[in-house]
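Residue numbers for the sequence shown follow this note's numbering, so the first one is 876 and each next one is one higher. Presented below is the structure to which this report refers.
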Amino acid sequence: MTVLVTGGAGFVGSHLVRRLLDQTEHAVVILDNFNDYYDPRMKRANAALFEHEPRVSLVEDNFRDAHLCEALFARCRFSHVIHLGAYPGVPYSLKEPQLYIDANISGTAVLLDAARRHEVERFLFASSSTVYGRGAQSPFVEDAALGIPASPYGATKRTAELLGFTWNQLYGLAFTSLRFFNVYGPRLRPELALAVFTRKILAGEPLPLYGDGSVLRDFTHVSDICSGVIAALTAPGIAGQSINLGHNEPVQMLRLISLIEAAAGKKALVEFHPPRAEDMPLTCADLTKSRRLLGYEPRVPIEEGVREYVEWAKVG
Ligand SMILES: NC(=O)c1ccc[n+]([C@@H]2O[C@H](COP(=O)([O-])OP(=O)(O)OC[C@H]3O[C@@H](n4cnc5c(N)ncnc54)[C@H](O)[C@@H]3O)[C@@H](O)[C@H]2O)c1
């Protein structure tokens, strides 16, 4: 059986492909266009981790291209699609909303349609805590009322989920939305707060903090996210569902900074900036459903995960 991993050269994708190799028998096709949202050399280095793996092949192309996808699905007969490819990141989505709409909405529709035409057994979609939006009650419960996404990014993820549920209802495509919460770990995207703070602290430069540092984020280690995704490949009864993959222990940004300071053995110089409208004040996953349906349990405490990340950043 062959699994398509879109965005497999990205941060989460590179960890997930490793886990697929270690924990399943599947062949893996990575479809990634190495876009320049951040330095593509990082993505090339990620993909290079698999260049000698006989079970992994790399297709460097754009999933927005329906002809390409049609040919690829016909040739590879994918049993599963894990759709991680996207324009990620909240602030940039205010600058270039059309890029997000194109990749995250239109691109997802292309893949959904190819998947139903080629009878893919399961389609797992990387959604986000941003779909909960302003007005949602914390902790975020999958089937409670959602708020309005605070960013174009969140709106594109919510729209893509809705398309998936429509394909599930119309064609019986076994689509599941996995809502990732603030994923972190080695090879983290360089524009995310933990990466920026760590670089600045290690370099002895001031770090930018938006707001007063009271913002809370439910940081979830990438290995826990991958465990949830791997469980979703086989768990029964999850088609048509949204499922949180989070940690349920939100951390204030000021605490995150002290954890990095402790791991780096250096003090931070904090430069305060006004809060940004697109930042949610809090993310926090309710895990009742993921525990019940996936047997999911986050294992990596934030102290340990930040220590590991800072060690990686020192040499990376
Ligand atoms: N990292 C997080 O904290 C987080 C949180 C919630 C949700 N997510 C979601 O998880 C997924 C993976 O995120 P990540 O942090 O690994 O991001 P990433 O940017 O490192 O990985 C995404 C990959 O998708 C590729 N890609 C984008 N558009 C493409 C296209 N049209 N065709 C082919 N490839 C394309 C990119 O080149 C990149 O390698 C994304 O869908 C993201 O929205 C991430």
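Each residue gets a CB set at the ideal place from its N, CA and C atoms; glycine is no exception.
Enumerate in chain order the residues of its own chain whose CB-to-CB distance from Arg991 is below 7 angstroms, with the five nearest sequence positions on each side excluded.
-> Here residue 991 corresponds to residue number 116 of the sequence shown, with the count starting at 1. Contacts found: Trp1042, Tyr1046 and Leu1048.
DSSP state of His890 mapped onto helix, strand, coil = Here residue 890 refers to the residue found at position 15 of the sequence shown. Three-state result, His890: helix.
Taking Asp907 as part of the beta strand (DSSP E), name the residues at either end of that continuous run.
-> As a working note, residue 907 is residue 32 in the sequence shown. Per DSSP, Asp907 belongs to the beta strand (DSSP E) from Ala902 to Asp907.
Nearest CA to the CA of Lys1141: which residue from Leu1053, His1122, Pro1081 and Tyr1028?
-> Within the sequence shown, residue 1141 is the residue found at index 266, counting from 1. Here the closest residue by C-alpha is Pro1081.
Closer than 7 angstroms: is that where the CB of Phe998 sits relative to any heavy atom of ligand 1?
-> Translated into the one-based positions of the sequence shown, residue 998 becomes position 123. Answer for Phe998: no, Cβ out of range of ligand 1.
Regarding Asn1119 and ligand 1, is the C-beta to nearest heavy atom distance less than 7 angstroms?
-> By one-based count along the sequence shown, residue 1119 stands at place 244. No, ligand 1 has no heavy atom inside 7 angstroms of this Cβ.
Counterpart residues of Arg1009 in DSSP-defined beta bridges = Position 134 of the sequence shown, counted from the start, is the residue given in the question as residue 1009. Its beta-bridge partners are Ile1023.
Look at the alpha carbon of Leu947 and the alpha carbon of Asp914, and state the distance between them as a whole number of angstroms.
-> As a first step, residue 947 is located in the sequence shown; it is residue number 72 there, counting from the start. As a first step, residue 914 is located in the sequence shown; it is residue number 39 there, counting from the start. Their backbone Cα atoms lie some 27 angstroms apart in a straight line.
Starting from the N-terminal side, write out each stretch of the beta strand (DSSP E) that is 3 residues or longer and does not extend beyond the stretch 1097 to 1123.
-> Taken in chain order, the complete beta strand (DSSP E) segments of 3 or more residues contained in the stretch 1097 to 1123 are 1117 to 1120.
Is the closest heavy atom of ligand 1 to the C-beta of Phe1050 under 7 angstroms?
-> To locate residue 1050, count along the sequence shown from 1; it is residue 175. No, the beta carbon of Phe1050 sits no closer than 7 angstroms to any heavy atom of ligand 1.
CB contact flag (Phe953, Val878, <8 angstroms) | Translated into the one-based positions of the sequence shown, residue 953 becomes position 78. Translated into the one-based positions of the sequence shown, residue 878 becomes position 3. Against a cut-off of 8 angstroms, the Cβ pair of Val878 and Phe953 comes out as a contact.
Phe1050 burial status per 10 Å Cβ neighbour count (16 or more: buried) | Reading the sequence shown from its first residue, position 175 is the one you call residue 1050. Burial call: buried.
Under 7 angstroms from any heavy atom of ligand 1, does the C-beta of Ser1003 make it?
-> Here residue 1003 refers to the residue found at position 128 of the sequence shown. Yes, Cβ of Ser1003 sits closer than 7 angstroms to a heavy atom of ligand 1.
Tell me the DSSP bridge mates of Leu1037?
-> Your numbering for residue 1037 matches position 162 in the sequence shown. Beta-bridge pairing links Leu1037 to no other residue.
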